[in-house]
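Under the working numbering, the first residue of the sequence shown is numbered 280, with each subsequent residue one higher.
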Amino acid sequence: MPRAQQQHMVPVQTMVDEAIDFIRAHEPPEGYFVAFSGGKDSIVMLELVRMAGVRHQAFYSATGIDPPEVVQFIRNQYPDVKWLRPKMTFWEGIRRHQPPFRMRRWCCDVLKKDPSKHIPLKSRCVGIRAEESVRRAARDRIDHAKLKQILFKPIFDWREWHVWDFIDGLGLAYPSLYDEGFDRIGCIICPFLCGKNTARIMRHKNRWPGSYRVFEKVVTDWWLNYRTEKQKKLYPEQCPEDYIRAWYRGFE
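Written out as structure tokens, the structure reads:
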């Protein structure tokens, strides 16, 4: 039987027990760095780390462009999570670099990864699941990253229904956006939404119009005042409005 099908049939408690054993087996003397976003997967992962009884500290990278509902959820439900803030805002990054897109995704490094570089905890628990994408499934459950960091993925083989059964079974709080039909609640403005996810972009724009107004204003400012000569040649659009429309389409 294929591994994916086997995992689909495994009871939640079996997955929980295995994940806790995994966390305990790899516990570093200094404790884990737990990456927390406020999403369902990181909620489960942090709870498993707590259940395992290992040393840890949870950190939230405050990108500045997360849904305000999620930010407030973290403030209310997880006051012990430490906040990390980037040296450069998303808006400053657009002016300095350019609007991010799939092949030039500087925002993940600047807003999420760089703020934690100074944290000495090298063993990092992350709520990555193989089911989320082919690219993630191709990686190992224990992954080596930059700066000698080691990524541990306790729920790597979990299905989405495992996640929700665990949350419901323990009565864990979660952001209300999930109940409104938002299946992923990361950054409001994200290049991964471009191109093939036009409907999702429109839903985000309708839900958080203020953030998108600021985004389009900053992109217009970059277009008019900050583009390099190379960027002017790469993007032949005649005006910032054309560029913004092309960005939403993923330049397809």
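Ideal placement from N, C-alpha and C gives every residue a C-beta, glycine not left out.
Note that this is a predicted model, so its numbers are computed, not measured.
Coarse secondary structure for residue i, derived from DSSP in three states
| i | result |
| --- | --- |
| Lys274 | Because the chain spans 280 through 531 in this model, residue 274 falls outside it and cannot be assessed. |
| Gln336 | strand |
| Ala417 | coil |
| Cys469 | coil |
| Ser316 | coil |
| Tyr522 | helix |
| Asp462 | coil |
| Gln285 | Only weak support exists for where Gln285 lies, its pLDDT of 43 falling under 50; the coordinates are left without a value. |
| Ile429 | strand |
Buried versus exposed, by CB contacts within 10 Å (16 or more), residue i
| i | result |
| --- | --- |
| Pro433 | buried |
| Arg438 | buried |
| Ser490 | buried |
| Gly332 | exposed |
| Lys391 | buried |
| Leu426 | exposed |
| Arg408 | buried |
| Ala304 | exposed |
Spatial neighbours of residue i in its chain, beta-carbon cut-off 6 Å, leaving aside the 5 residues before and after
| i | result |
| --- | --- |
| Arg381 | Pro470 |
| Tyr505 | Arg374 |
| Arg334 | Gly310 |
Beta-carbon proximity of residue i to residue j, cut-off 7 Å
| i | j | result |
| --- | --- | --- |
| Ile302 | Val323 | no |
| Ile421 | Phe431 | yes |
| Ala501 | Ile299 | As written in the sequence, residue 501 is Trp, which differs from the Ala given in the question. No, Cβ-Cβ distance for Trp501 and Ile299 is not below 7 Å. |
| Tyr311 | Ser402 | yes |
| Val498 | Pro378 | yes |
| His376 | Trp370 | no |
| Ile468 | Glu495 | no |
| Val405 | Ala314 | yes |
| Leu472 | Arg482 | no |
| Ala452 | Gln356 | yes |
Residues of its chain near residue i, where Cβ-Cβ distance is below 8 Å and the 5 sequence neighbours each way are ignored
| i | result |
| --- | --- |
| Leu456 | Pro346, Glu348, Val349, Ile464 |
| Thr368 | Gly343 |
| Arg415 | Ile407, Arg408, Ala409 |
7 Å Cβ cutoff, residue i in contact with chain D
| i | result |
| --- | --- |
| Ala478 | Given the protein chain composition of this structure (a single chain), no chain D is represented. |
Same chain, Cβ closer than 7 Å to residue i, neighbours up to 5 away in sequence not counted
| i | result |
| --- | --- |
| Met294 | Trp437, His441 |
Note to self: Within 8 Å, do at least three Cβ pairs link the segment 312 to 322 to the segment 440 to 455?
What the structure shows: A contact exists between the segment 440 to 455 and the segment 312 to 322.
Check: Can you find at least 3 beta carbon pairs, one from the segment 350 to 366 and one from the segment 391 to 405, that sit closer than 8 Å?
Finding: Contact holds between the segment 350 to 366 and the segment 391 to 405, because three or more Cβ pairs, one in each stretch, are under 8 Å apart.
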